[in-house]
Every structure is written in structure tokens, then in C-alpha cells.
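Engineer:
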Amino acid sequence: MQKMSYFFPVLCVCLDVCVVHTIRLSQLSPLLLSHPFIILWGGALTRASVLAFLAFTYPGSLPWTKSFEGLQSLGVLCFHFPVYATLLWVLGQSTMEELWGWHSWERVLQGYIVTVVAWLYWSRYVSSLLISWGQYISSFIKRTPSQKPKEETGASLKRLMGYMQPFFWRFVAVLILVFLSSYGEMAIPQYTGRMADWIMNEEAPDAFTEAITIMTLMTIASAVLEFICDLTYNITMSRIHTSVQGVVFQAVLKQEIAFFDATSTGELVSRITTDTNSVSEALSEELSLLMWYTARFGFLLFYMVSQSWKMTLLTCMGLPIIWVIPKLTGRFHQTIAVQVQESLAKANQVATETFSNMKTVRSFANEDGETEKYRLRLEDTYALNKKEAAAYAASTWANSMTTLALKVCILYYGGTLVTRGAVSSGDLVSFVLYELQFASAVEAVMRYYPQVKKAIGASEKIFEYLDRKPQVPPDGTLAPENLQGHIQFKNVTFSYNKENLVLKNISLEVKPGQITALVGLNRSGKSTCVKLLERFYQPIEGEILLDGKPLNSYKDQYLHDKIAVVSQECVLFARSVRENIKYGYEHVSDEDMYRAANLASAHKFIMELPNKYDTDAGEKGGQVSGGQKQRIAIARALIRRPKVLILDNATSDLDTENEYQVHQALMDQAKDCSVLLISNKMSVVEKASHIIVIDRGMVKEEGNHEELMNNKGLYASLVEKQNKSCFRNEEESN
Ligand SMILES: Nc1ncnc2c1ncn2[C@@H]1O[C@H](COP(=O)(O)OP(=O)(O)OP(=O)(O)O)[C@@H](O)[C@H]1O
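357 is the number that the UniProt record's numbering gives to position 357 of the sequence shown; each next residue is one higher, with no gaps.
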């Protein structure tokens, strides 16, 4: 099967080449012209079979079909070269009549003109060869997954236009350039026809020189304008792309924390990078091509009508078929593309998750498990890719069949018009050239229009984030200069999923100038209280007050400046220690940074690091231990001189000595602010001025250490259990 998979496409390409070449020869031989439909169906069916075969042999690798197109172009090119070279040589021989059965030099000249047309057509294959191979190579380099199409593109288009607004005049200039350049392109067919008439009628020699001069000038002008236009357009589009990317990133950052809980990092990153890239690439490349071909389409139609309205009518009769069939097949292709996109996203999610948790994967030696999971996801994608490739083959087949049909009919009908003297040979030559470009313009418009539509549809996914209103009530306006840091939870009830209540009618108070500790068993809801204080989530019932005012009445930025949280899983950025401590507070002096680091018992070890405060503290290249990370995180919180300092198991990774030092420093710090301490170590908690014990989302008891010990309740039992376990550990170590 593997060997077959190489042999079969090559065979089919050869067959296809023969058929296409026969069609070219049919331009010279009336006999072959009498059987156009046999040739047509032969060509179309061969092409379809090759594409279908490729689709099933190499599903998911559309580059293969691109390479096939390139291969076919190369084949046609190789066949054409010797044949037309021989033909040109034969034309100079006296045996011409015997060879072709033609009876006059007039027919020989006609043959010559058709050959010129064929050569021009041949040059089209050269460019198509270069383009398709270019696409083939770049598809390996880029490999961006296709976008999820959407039906309602009108609104998205309007939004996109909004981003184009600042560049309005540039787009106007681009449109004018497209118009002028497309007009210039009409020179070749128009003046080739005139030259043909000159050859046939032996007009004044000046006519030939004039035609060739105008043709050259117009072609050069058109190429220069095209260059300027492409440059302007692409620079503008990349400007728009970067600004859209920035806006989307900003919009995502504004979302509430529950949104980040529900959306995977992989999806977010893909939305900002891959989705915006694909949309902008599609709009840069495909929209620009769509503009070109639409302009060409208009000009070609105009010139074709001016050459012969009858032949134009015939050409246009084929248009509905060219439009309808690919549209039907294209719709199916789009549906599959959506499924492929979704399936790819699932596979990407597995990969992202695995790479970001690589240490855990290695610790559990689960590389094979993750590989298998990824493989299974890819299998789903593979199955869909097969369908997608088949749909692609079907739509390409439909396209080529309809355009081939049109070509044969035009040649046949045009030939009869020349014989009857209704149009001149030059007109036919021009018309044939126009028609060749016209068919490819229609084909291109049909191809690029859905792609542009698809890209605009995909942009809707990006706009979803822009439109999404964060599910947190808008922040207030309060930002008082003097904040005490007095916190009150009044009958607060909260649930993450509206089913299981995590906090049940909780009321508690954290007073300024003292350390309040929150203790309880795991999952009792301690960290949830902190998340509510940070406004990550909203209580279902009750209210949280800061200095007697609802939390929501404060400015968000102000709140996060005044409330600093250090949690157990402190995350440092892959940046220097200095950048991590000054995170969000870059304006602060180095002296303040040293002060915060000293309070967090971090300054000493930082100065011993290879590059001191410039050492990389990040997760990947980081050179700091877990305990050191925690101290950097505490310094990061203290640098902003918070009014409420929350330590959620923030010293769990510190050794006894460092933990003691940090807590001594915090005791001093607590005089200026309120400290909320969450810790599972009772030795740490007992020093707090006030201790609140939480059990299953409810406050069970509160007081200071002595009071709670005398109570002999949950707190006393927690202390007792911890003491026992410490005693046992000490005994074991002795
Ligand atoms: N983002 C979340 N989405 C849904 N449920 C959550 C979320 N975060 C916490 N929970 C649930 O809320 C409950 C309380 O969790 P919380 O982290 O507040 O407890 P805790 O007392 O701080 O526990 P621990 O001492 O283990 O840190 C748990 O049942 C937990 O599963």
C-alpha cells in the first residue's frame, strides 16, 4: 500500500497531463474538438480520482494536494515544451500541409497564433507551478490550523472595519491601485489580439510597434502599481493585527477569575495567538487576492463583452455552475473544518497541559500515559482530516470540471464564429486570453470569498472575548488616602457552582493593628474567604465591609494595592528577583525593595545569589528553592506597604528559624496594618491576637489561644493532634 501510494498519484498525474495536453492539441485539431465532452470528462474524472486517492492516502495533509497541483503543472509544462518547440520548428517547414492537412498559409498563421496563445497559457502553468509549490513549502513552515467558520459574518465584518477605520485613506489608495493595476493587466490579451490581426492582415508595420510598446509600458506600470499596493496593504494589515492582538489580550485580562477557572490556558493562548494570526493572515493574503481578482473579473467582463457579446453570454452561462457547485461542496468542507478545528484544540490542550506539568508527569512516570492520551486525540483529528481532505478533493474537482467545460465550449463556438467571419481571428485570440483569465478570476473569487468569509467568521471568536462583560460588578470609586484595614464579613454565604455552599452565613472581623488567624480542617473554606476579599468572586448573600464600606465601593486597583496576599503556591514570573519583588510597583526605589526583602528575611539569601537581585527567579530557569520563593513573594507583598496583609500558608515551606524570623518581622509590620493569617501550624497560629476557627464553611469558635484551649473545642483538639504528631516525629527521629 505504501509503495502504491507513490506509484498511483504519479500514474494519475501522467494520465491527467495527457488529457490536459490533448485539450491543448484540440485547439489545433478540429477532429479532437468534435469530442470535447469525452476529453472534458476524462480530464475531470482523472483529476478527481487523483485527488480522492490523495485525500484518503494522506488525510490531513492538504500540502500533498498542493504538491499534486505543482506536480501536475510540472508535468504539463514538460509536455508542452517539446511539443510546442517542435510545432514552432514544423511551422517553418514546407511539409506543414502534409503534416496537419491544412490547405493555406492563412491556416498556418492561425495555427501560429493559437500556438502563441498556448505558450501564454503555458506561462500560466509556470506561475501556477511556482505558486502551488510556494504554498506547499510555506504550509510546512507555517502549519496553522484552519479556523472555525461561523455563519453570521456581517456583524464581525463591521467590527473589523472599525479597526480599519484609522487607515481609511490607505484603503482607498489601495483600492485605486488595485483598479489601475488590473486595468494595466488587460494590455496583454488586448494587444496580442491586435498583433494577431496585424499578422493576418499585414497592416502597417507601425501598428505592430505601437501595440508592442503600449503592451510593454502597461505591463510594467501594472507590475509597479501592484508592488506598491501589496506593500501598503500588508503593512497596514500587520498594524491592524498587532492592535487587535493587544486589545484581545487586554480584554482577557479583565475577565473575572471564575472565567479563568473555566477556560484552559491553552485555549486562551490559542485565541490570542493562533486565532488572531489566522484571521489576520487570511485578511492579509486572501482578502488582498479577492480584491485583485474581483477587479480583474470586472475588467475582463467589460473587455469580453466589447470583443463578442455572444461568446461572453456563452461564458456567463457557465458561471452559475462555477458558482453553485463549489458553493455546495464548500459548505460541506466548512462544516468538517469546524470539527477538525475543535478536535485539534482538544489535542493541543493535552499537549499544553502535559508540557506545563512536565515535572508531575515525570514524577509519576506517566509519559506513556500522556503520549497515549495525545495519540487518541490525534486519531480523532485524523479521522476528521480524512473527511476534510475528501471534501477538499470534491470541491476542487467541481471547480476544475466546470472551468474545463467552459474552455472547450468557448473554443468550439469561437472557432465557428471565425469561420463565419462574425469575429476576427485577433478578436478570438483576445477573447480566448480574456476567457482564460476570466475563468481563473471566477475560480479565484469563488475560492477566496469563502476563505475571507471564514476568516471573518473566525474573528467572531476573538470578538467573543472583547464583548464578554466580566461577571464581577463594576468596581467603585472609593480610594481614601487613609485606610485602617478593618474587615468585616457579615452573614456571607458563597458557592463556586451554585450547588455546594462553601461558606454558610459566615460573620467574622479582622481588626487593624493586630494579627487575626483563620484555622480549620482542609476544605473548610479558609482560602475562599481570602478569594472573596480579593474580589475574585462575589458572595451569594451577605456583605464584606472594609472600614465600614462595602468592598465593591472601592476602586479595584486601589483595593489590590491595599490588600496584599501571599499564598502557599506562590508563583514567580520567569524574570529577575528585582522584577518579581517590584511586580506592579516598578516605580518603587531600591531602598524600599531592600526594606521589604529584609522584612521577609529574603535580603540575605538574595545577596548570595550569583547575580543578586538580577538573578532569574522564574520557574524554568529559576535558581531559588521553594522556601526562598515564598520569601520573595512575601517581599513582593510587603513592598506595597499594604493595609491588609493576608498570609495563606505563606510560610509553609520555610524552616523553623526562617519562619520565626519572618513572623517576628510581621508582628512589627502588623502595627501598621491588619494581618490575616491562615496556617496549619498551630505553633504559628497561637501567637495571633484573635483566632477564628472555621468548620465546613461555618465559624465554630473564636478567641485567643488560651480562651480556645480552655474551651476544649475543635481548636483544642487540632492543637492536641498536632502536638501528638510532633512528639511522635521527634521520637522517631531520636
Ligand atoms: N475554584 C474553585 N472552584 C470550585 N470549587 C472550589 C474552588 N476553589 C475551592 N473550591 C472548593 O471549595 C471548598 C473550600 O476550599 P478552600 O480552598 O477555601 O478550603 P481551605 O480551608 O482553604 O482548604 P486548605 O486548608 O486545604 O487550603 C473545597 O471543597 C474546594 O474543593
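We put the CB at the ideal spot given by N, CA and C, even for glycine. Only a predicted model underlies this, so the values are computations on that prediction, with no experimental measurement involved.
Give me the residue from Val442, His603 and Asp614 with the minimum Cα distance to glutamine 661.
Structural biologist: Residue mapping note: residue 661 aligns to position 661 of the sequence shown, counting from 1. Glutamine 661 has its Cα closest to that of His603, out of Val442, His603 and Asp614.
Engineer: How would you write the range of the alpha helix (DSSP H) that lysine 604 sits in, first residue to last?
Structural biologist: By 1-based counting over the sequence shown, the position of residue 604 is 604. First-last of the alpha helix (DSSP H) with lysine 604: 603-608.
Engineer: Are the beta-carbon atoms belonging to leucine 406 and alanine 439 less than 9 Å from one another?
Structural biologist: As a first step, residue 406 is located in the sequence shown; it is residue number 406 there, counting from the start. As a first step, residue 439 is located in the sequence shown; it is residue number 439 there, counting from the start. A contact, by the Cβ cut-off of 9 Å.
Engineer: Would you call the CB atoms of threonine 276 and valine 244 closer than 9 Å?
Structural biologist: Walking along the sequence shown from the start, residue 276 turns up at place 276. Walking along the sequence shown from the start, residue 244 turns up at place 244. In this structure, valine 244 lies closer than 9 Å to threonine 276 by Cβ.
Engineer: If we ignore side chains and look at the alpha-carbon of each, how far apart do threonine 651 and alanine 596 end up?
Structural biologist: For the purposes of this step, residue 651 is identified with residue 651 of the sequence shown, where counting begins at 1. For the purposes of this step, residue 596 is identified with residue 596 of the sequence shown, where counting begins at 1. One C-alpha to the other measures close to 16 Å.
Engineer: Alpha carbon to alpha carbon, how far is lysine 359 from methionine 161?
Structural biologist: In the sequence shown, counting from the first residue as 1, residue 359 sits at position 359. In the sequence shown, counting from the first residue as 1, residue 161 sits at position 161. Cα-Cα distance, rounded: 46 Å.
Engineer: For histidine 704 and histidine 241, I'd like the C-alpha separation in whole angstroms.
Structural biologist: Looking up residue 704 in the sequence shown gives position 704. Looking up residue 241 in the sequence shown gives position 241. The question names histidine, but residue 704 in the sequence shown is asparagine. Near 59 Å, if we compare the C-alpha coordinates of histidine 241 and asparagine 704.
Engineer: Here's the rule: buried if 16 or more other CB atoms are within 10 angstroms of the residue's CB, otherwise exposed. What is threonine 416?
Structural biologist: Your numbering for residue 416 matches position 416 in the sequence shown. Exposed.
Engineer: Determine contact between the segment 178-195 and the segment 217-229, defined as no fewer than three beta-carbon pairs at a distance below 8 Å.
Structural biologist: With the cut-off at 8 Å, the segment 178-195 and the segment 217-229 touch.
Engineer: Starting from glutamine 165, trace the alpha helix (DSSP H) in both directions and tell me its first and last residue.
Structural biologist: Stepping through the sequence shown from its first residue, residue 165 is reached at position 165. Note, glutamine 165: premise wrong, no alpha helix (DSSP H); not H, not E.
Engineer: Which whole-angstrom value describes the C-beta separation of alanine 479 and tyrosine 554, a residue pair presumed to lie in contact below a C-beta threshold of 8 Å?
Structural biologist: The count along the sequence shown starts at 1 and reaches residue 479 at position 479. The count along the sequence shown starts at 1 and reaches residue 554 at position 554. Between tyrosine 554 and alanine 479 the Cβ distance is about 7 Å, and since that is below 8 Å, they are a contact.
Engineer: DSSP three-state call for aspartate 616: helix, strand or coil?
Structural biologist: Taking the sequence shown and counting its residues from 1, the one referred to as residue 616 is at position 616. Correct three-state label for aspartate 616: strand.
Engineer: Look up valine 19 in the DSSP assignment and say whether it is helix, strand or coil.
Structural biologist: Here residue 19 refers to the residue found at position 19 of the sequence shown. Note that valine 19 has pLDDT 49, beneath the 50 cutoff, so the model's placement of it is unreliable and no number is given.
Engineer: For the alpha helix (DSSP H) containing leucine 290, list its first residue and its last residue.
Structural biologist: Residue mapping note: residue 290 aligns to position 290 of the sequence shown, counting from 1. Note, leucine 290: alpha helix (DSSP H), 287-307.
Engineer: Would the beta-carbon of leucine 521 be found less than 8 Å away from any heavy atom of ligand 1?
Structural biologist: In the sequence shown, residue 521 corresponds to position 521, counting from 1. Within the cutoff, so yes.
Engineer: Can you tell me which residues form a DSSP beta bridge with lysine 629?
Structural biologist: Within the sequence shown, residue 629 is the residue found at index 629, counting from 1. None, per the DSSP bridge assignment.
Engineer: Look at the alpha carbon of leucine 654 and the alpha carbon of alanine 633, and state the distance between them as a whole number of angstroms.
Structural biologist: Looking up residue 654 in the sequence shown gives position 654. Looking up residue 633 in the sequence shown gives position 633. Between leucine 654 and alanine 633, the C-alpha separation is close to 12 Å.
Engineer: Quick one: Cα of glutamate 608 to Cα of serine 576, how far?
Structural biologist: For this step, residue 608 is matched to residue 608 along the sequence shown. For this step, residue 576 is matched to residue 576 along the sequence shown. In a straight line, the C-alpha of glutamate 608 is about 14 Å away from that of serine 576.
Engineer: Check whether the Cβ atoms of isoleucine 563 and lysine 643 sit closer than 9 Å, and answer yes or no.
Structural biologist: Taking the first residue of the sequence shown as 1, we reach residue 563 at position 563. Taking the first residue of the sequence shown as 1, we reach residue 643 at position 643. Contact flag set, yes.
Engineer: Given this structure, state the Cα-to-Cα distance separating glycine 60 from serine 278, to the nearest angstrom.
Structural biologist: Working through the sequence shown from its first residue, we reach residue 60 at position 60. Working through the sequence shown from its first residue, we reach residue 278 at position 278. In this prediction, glycine 60 has a pLDDT of 46, which is less than 50 and means its spatial position is unreliable; nothing more can be read from the coordinates.
Engineer: Looking only at its own chain, which residues have a Cβ that is under 7 Å from the Cβ of lysine 582, when we skip the five neighbours before and after it?
Structural biologist: Residue mapping note: residue 582 aligns to position 582 of the sequence shown, counting from 1. If we look at lysine 582 and ignore the five residues flanking it on each side, its Cβ neighbours are Val588, Met593 and Ile639.
Engineer: What is the DSSP secondary structure of residue 756, counted as helix, strand or coil?
Structural biologist: The chain is shown from 1 up to 734; residue 756 falls before or after that span and cannot be answered.
Engineer: If you compare alpha carbons, which of Val305, Phe355, Ser625 and Leu428 is closest to tyrosine 191?
Structural biologist: Taking the sequence shown and counting its residues from 1, one reaches residue 191 at position 191. If we check each option's Cα against that of tyrosine 191, Leu428 comes out closest.
Engineer: Kindly list the residues whose CB is nearer than 8 Å to the CB of methionine 291, restricted to its own chain and excluding five residues on each side of it in sequence; keep chain order.
Structural biologist: The residue given as residue 291 occupies position 291 in the sequence shown. Counting only Cβ-Cβ distances below 8 Å, and skipping sequence neighbours, we find Val174, Leu175 and Val178.
Engineer: Does DSSP put glycine 246 in a helix, a strand or coil?
Structural biologist: In the sequence shown, residue 246 corresponds to position 246, counting from 1. Three-state result, glycine 246: helix.
Engineer: Tell me which residue opens and which closes the beta strand (DSSP E) that lysine 504 is part of.
Structural biologist: For this step, residue 504 is matched to residue 504 along the sequence shown. Per DSSP, lysine 504 belongs to the beta strand (DSSP E) from 501-510.
Engineer: What is the DSSP secondary structure of glycine 266, reduced to helix, strand or coil?
Structural biologist: Against the sequence shown, residue 266 aligns to sequence position 266. Reduced to three states, the DSSP call for glycine 266 is helix.
Engineer: Tell me which residues share the same chain as isoleucine 606 and place their Cβ nearer than 7 Å to its Cβ, disregarding the 5 neighbours each side in the sequence.
Structural biologist: Locating residue 606 in the sequence shown gives position 606, where the first residue counts as 1. Taken in chain order, the residues that qualify are Val577, Ala597, Lys612 and Tyr613.
Engineer: By Cβ distance, which residues of its chain are closer than 7 Å to alanine 688, with the 5 residues on each side in sequence left out?
Structural biologist: Residue mapping note: residue 688 aligns to position 688 of the sequence shown, counting from 1. The answer, listed in chain order, is Ile515, Thr516, Ala517 and Leu677.
Engineer: If you reduce the DSSP assignment to three classes, tell me which class aspartate 695 lands in.
Structural biologist: Mapped onto the sequence shown, residue 695 falls at position 695. Of the three classes helix, strand and coil, the one that applies to aspartate 695 here is strand, per DSSP.
Engineer: Using the Cα positions of glutamine 341 and phenylalanine 355, report the straight-line distance between them to the nearest angstrom.
Structural biologist: For the purposes of this step, residue 341 is taken as the residue at position 341 of the sequence shown. For the purposes of this step, residue 355 is taken as the residue at position 355 of the sequence shown. Straight-line Cα distance between these residues: approximately 21 Å.
Engineer: Whose C-alpha, out of Pro474, Gln165, Val519 and Ala337, is nearest the C-alpha of tyrosine 382?
Structural biologist: Here residue 382 refers to the residue found at position 382 when the sequence shown is read from its first residue. Measuring from the Cα of tyrosine 382, the nearest candidate turns out to be Ala337.
Engineer: Are there three or more Cβ pairs, one per stretch, closer than 8 Å when the segment 291-302 is compared with the segment 444-452?
Structural biologist: With the cut-off at 8 Å, the segment 291-302 and the segment 444-452 touch.
Engineer: With a 10 Å radius around its C-beta and 16 neighbouring C-beta atoms as the bar for buried, classify serine 94 as buried or exposed.
Structural biologist: On the sequence shown, residue 94 is found 94 positions in, with the first residue counted as 1. Confidence is the limiting factor: at serine 94 the pLDDT is only 37, short of 50, which leaves the residue's position unreliable, though a coordinate-based value still follows. Answer is exposed; the Cβ neighbour count stays below 16.
Engineer: Do lysine 498 and isoleucine 540 have their CB atoms nearer than 9 Å?
Structural biologist: Counting from 1 along the sequence shown, the entry for residue 498 is found at position 498. Counting from 1 along the sequence shown, the entry for residue 540 is found at position 540. Contact flag set, yes.
Engineer: Taking a contact to mean a Cβ-Cβ separation below 9 Å, would you say leucine 559 touches glutamate 586 in this structure?
Structural biologist: Here residue 559 refers to the residue found at position 559 of the sequence shown. Here residue 586 refers to the residue found at position 586 of the sequence shown. Not in contact: leucine 559 and glutamate 586 (Cβ atoms no closer than 9 Å).
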